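Visitor: As given, the protein sequences belong to chains A and B, one line each in that order.
Going by the working numbering, the residue at position 169 of the first sequence is 169; the numbering climbs one at a time, nothing skipped.
Going by the working numbering, the residue at position 213 of the second sequence is 1213; the numbering climbs one at a time, nothing skipped.
Handing you a structure now.
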Amino acid sequence: MLNRLRFLSTLIFVGISGILGSTVGFASDPPPADEVGASVSIRMYQVEGTLPADDPNSPQWASVPESEFNLAPQVHWPERIQEVTVKTVKVKGLHDGQNLAILVEYADPTEDPKDAAAIEFMVGDKKAHFAHGQPMLQVEGGPVNIWFWKNENGKALDMSAKGFKTLSTQEKQDVSATGAWADGSWKVVFTRALKTEDEQDVQIEPGEWRSVAFAFWDGALVSGVPKEKGSQKAVSSWWSIRAEPSADNSIFGWVIFCLALAAGFEMVVVRKLRKGQSA
Amino acid sequence: MKGPIASGAILLVGIFVFIKFLLPLVTAPLPASLIYLYMALAFSGIMLYGTMSASSLESLMGPVFRFLSGEGQSGTGKMARLAVLVLFPLLVGWQTYTSLAPSDLPPGENRTIHPAPPGEFVGLANPYQNSPANINMGKGLYAAYCSPCHGANYDGKGPAAPGFNPPPANFSDPGTIAQLQESYLFWRIKKGGVGLPVEAMPWKSAMPRWEVELPDEFIWKIIMGEYDGAHQSPRTWEEED
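As structure tokens, this is what we get:
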């Protein structure tokens, strides 16, 4: 009788400690707070059906939550620029499990043939410097994948870089883009498969975060030359982007399993107690 | 409520209130995991004490066991027992869910702002005299090369600043250059963002590697201009003999 009681005490003690541990202890340290004010990430939401991949003005975009990022003149290396046209960019993303579409929207008072926009990604596991993956002195860096759209070309270029003067157009072109200018504002939608066969490309795995940055050029002509070109552009820092994963229903399997386990534990305890008392 | 259970519960609540609310009045608050550890130790202490003899075991656990077994219960007791038996698995299920549900937060940013400099940049002295002419030259160079990000007022609020993450350093803040030696600034200006070690996330920094464009003389004079303009003094390790 005494041994049985001791056993039951231990059983209940272990059970309660486990519950207390997960509720009181480890669950109550709060996660780090997001930066207040500006966005830090972009979520590409999953859609059923067609992706508005080549239509910046598709009504489908209207309901997609947007992220907004500040831009700065490119001052990191020559040729620098002190003042740029594009000050902020609004970004939305969608995917359908196979392909993704990213919409960038920004103010530019005039439509010019040399207006351009670009999205940059880190490729692979190594961190890449946001300025074209230029070499770092104490850290081994990786390459970047740049999706470049220029109004006069009417299409996107799929490019790679790892350091200054290494920017090159890839042999395998996987990106397309469509721009639409209206009322002093550009909307450009970039689209690509989430995953490609090209190791120079960023691979988007739903649920995993990737690093992304943006650049914009105002191609308005001043005395016959574009106001911004080459390294004279508006740039963003690295931010985070991910394709939202589809709901993981296996979690609910585990929830039901653990719930059943707890109920079974209760039954064992109650049965042993009843046996003990009638004995 | 029987005696040992009530006193055990009071003891636990008392210990919790002490380490959670009273202790932070005199020292840093304890992390939740440590509080849990202390509570678990206190709880096992109470259980050990309560199970030392058959009679103490009966007076501690008897009421609990009779409650759980449900023998001869009616009314409120019966309902309470049912509630406990239903709530316990639900709580376990909820805990399973919260611990397995994927996090929606982007990767955290524990960036070291002032990492240790490489050895060759420790303790270098500014070879240029701290004269008005040199300071003025430094301020002129600062205006040309540094102020677009770090601001004409040395406050990190230059016209290019809002677009950068991490933001440009605010030199008028007593927590930046006032805490650093001139040789540290020499390293940071000369090697720029790409010269930072991994814990400072060099891939994010827009700070140019100025050694490519400026001679050392300019960098040392910019440092003088920076301290003077920001009304700060460099940190020194020298002791007055």
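Even for Gly, the Cβ is constructed at its ideal location relative to N, Cα and C.
Since we're looking at a predicted model, the values are computed, not measured.
Which parts of the stretch 1049–1097 of chain B are runs of the alpha helix (DSSP H), unbroken and 4 residues or longer, counting only runs that do not cross its ends?
Guide: Correct list: 1054–1069.
Visitor: Give me the Cβ distance between residue 233(A) and residue 74(A), rounded to the nearest whole Å; I'm assuming they're in contact under 8 Å.
Guide: Yes, they are in contact, since the Cβ atoms of residue 233(A) and residue 74(A) sit about 5 Å apart, within 8 Å.
Visitor: For residue 1056(B), which of 1137(B), 1154(B), 1033(B) and 1008(B) has the nearest alpha-carbon?
Guide: For residue 1056(B), the nearest C-alpha among the options comes from 1008(B).
Visitor: Using DSSP with H/G/I as helix, E/B as strand and the rest coil, what is residue 122(A)?
Guide: Reduced to three states, the DSSP call for residue 122(A) is strand.
Visitor: Please determine, among 144(A), 265(A), 192(A) and 252(A), the residue with the shortest C-alpha to C-alpha distance to residue 96(A).
Guide: Looking at the Cα atoms, 192(A) is the closest of the given residues.
Visitor: Report the rounded CA-to-CA distance for residue 1010(B) versus residue 1042(B), giving the unit in angstroms.
Guide: When rounded, the distance between both Cα atoms is 12 Å.
Visitor: Looking at the C-beta of residue 1065(B), does it have a partner C-beta in chain A at a distance below 7 Å?
Guide: It does: the Cβ of residue 1065(B) has a partner Cβ on chain A nearer than 7 Å.
Visitor: At a Cβ threshold of 7 Å, is residue 1186(B) touching chain C?
Guide: Considering every chain present, this structure includes no chain C. Its protein chains are A and B.
Visitor: For residue 68(A), report the span of its beta strand (DSSP E) as first-last.
Guide: Element bounds for residue 68(A): 67–70.
Visitor: Rounded to a whole number of angstroms, what is the C-alpha to C-alpha distance between residue 1072(B) and residue 48(A)?
Guide: If you take the alpha carbons of residue 1072(B) and residue 48(A), they lie about 58 Å apart.
Visitor: If we call anything under 7 Å between Cβ atoms a contact, is residue 101(A) one with residue 53(A)?
Guide: Yes, Cβ-Cβ distance for residue 101(A) and residue 53(A) is below 7 Å.
Visitor: Return the bridge partner residues of residue 178(A) from the DSSP annotation.
Guide: 189(A), per the DSSP bridge assignment.
Visitor: Below 8 Å on the Cβ atoms is my guess for residue 202(A) versus residue 210(A); work out the distance and round it to an integer in Å.
Guide: Confirmed, Cβ separation roughly 6 Å.
Visitor: Where are the alpha helix (DSSP H) runs, 4 residues long or more, that stay fully inside the stretch 1114–1157 of chain B, in chain order?
Guide: Here the runs fully enclosed are 1132–1141 and 1147–1150.
Visitor: Contact between the stretch 129–142 of chain A and the stretch 1187–1205 of chain B: three or more CB pairs below 8 Å?
Guide: Because the criterion of three Cβ pairs below 8 Å is met, the stretch 129–142 of chain A and the stretch 1187–1205 of chain B touch.
Visitor: Show which residues of chain B have a CB atom less than 7 Å away from the CB atom of residue 136(A).
Guide: Result: 1194, 1202 and 1203.
Visitor: Nearest to residue 118(A) by alpha carbon, out of 247(A), 255(A), 212(A) and 243(A)?
Guide: Nearest option by C-alpha distance: 212(A).
Visitor: Roughly how far, in whole angstroms, is the beta-carbon of residue 1222(B) from the beta-carbon of residue 1142(B), given that I think they are within contact range, below 8 Å?
Guide: Rounded, the Cβ-Cβ distance is 5 Å, consistent with contact.
Visitor: Tell me whether the beta-carbon of residue 1134(B) lies closer than 7 Å to the beta-carbon of residue 1201(B).
Guide: No, these two residues do not count as a Cβ contact at 7 Å.
Visitor: Along chain B, which residues have their Cβ under 7 Å away from the Cβ of residue 212(A)?
Guide: Correct list: empty, because the minimum Cβ distance to chain B is about 11 Å.
Visitor: So, does the CB of residue 237(A) fall closer than 7 Å to a CB anywhere in chain B?
Guide: Chain B, which has a Cβ nearer than 7 Å to the Cβ of residue 237(A), makes this yes.
Visitor: Determine the closest residue to residue 46(A) out of 38(A), 60(A) and 261(A), with distance taken between C-alpha atoms.
Guide: Ranking 38(A), 60(A) and 261(A) by Cα distance to residue 46(A) puts 60(A) first.
Visitor: Exposed or buried, what is residue 1109(B) when buried is set at 16 or more other beta-carbons lying within 10 Å of its beta-carbon?
Guide: Its Cβ having fewer than 16 others within 10 Å, residue 1109(B) is exposed.
Visitor: Using three-state DSSP, classify residue 86(A) as helix, strand or coil.
Guide: If DSSP states are grouped into helix, strand and coil, residue 86(A) belongs with coil.
Visitor: Kindly indicate which residue of 251(A), 130(A), 268(A) and 214(A) has the alpha-carbon position closest to the one of residue 1095(B).
Guide: Answer by Cα proximity: 251(A).
Visitor: Please name the residue or residues paired with residue 215(A) in a DSSP beta bridge.
Guide: According to DSSP, residue 215(A) bridges with 118(A) and 235(A).
Visitor: Suppose the cutoff is 8 Å on Cβ atoms and the five residues either side in sequence are ignored; what does the same chain contact list for residue 197(A) look like?
Guide: Closer than 8 Å at Cβ, skipping near neighbours: 172.
Visitor: Touching or not, the stretch 1032–1041 of chain B and the stretch 238–246 of chain A, by the rule of three or more beta carbon pairs under 8 Å?
Guide: No, because fewer than three Cβ pairs between the stretch 1032–1041 of chain B and the stretch 238–246 of chain A fall closer than 8 Å, the two stretches do not touch.
Visitor: Considering just the uninterrupted stretch of the alpha helix (DSSP H) at residue 1017(B), what are its terminal residues?
Guide: First-last of the alpha helix (DSSP H) with residue 1017(B): 1003–1017.
Visitor: On the three-pair Cβ rule with 8 Å, is the stretch 1180–1187 of chain B touching the stretch 1111–1122 of chain B?
Guide: Yes: the two stretches touch, three or more of their Cβ pairs being nearer than 8 Å.
Visitor: Looking at the structure shown, is residue 203(A) part of a helix, part of a strand, or coil, going by DSSP?
Guide: Coil at residue 203(A), not helix or strand.
Visitor: For residue 266(A) and residue 1049(B), what's the separation of their Cα atoms in angstroms?
Guide: Residue 266(A) and residue 1049(B): Cα-Cα distance of roughly 25 Å.
Visitor: Inspect the beta-carbon positions of residue 1203(B) and residue 129(A) and report whether they are closer than 7 Å.
Guide: In this structure, residue 129(A) lies closer than 7 Å to residue 1203(B) by Cβ.
Visitor: Could you give the C-beta distance for residue 39(A) and residue 68(A), rounded to a whole number, given that I count them as a contact under 8 Å?
Guide: Indeed, because the Cβ distance is near 5 Å, the residues count as touching under 8 Å.
Visitor: Mind pulling the chain A residues with CB within less than 7 Å of residue 1198(B)?
Guide: Chain A residues near residue 1198(B): 138 and 139.
Visitor: Comparing the C-beta of residue 1018(B) with each C-beta of chain A, is any distance below 7 Å?
Guide: False, the Cβ-Cβ gap to chain A never drops below 7 Å.
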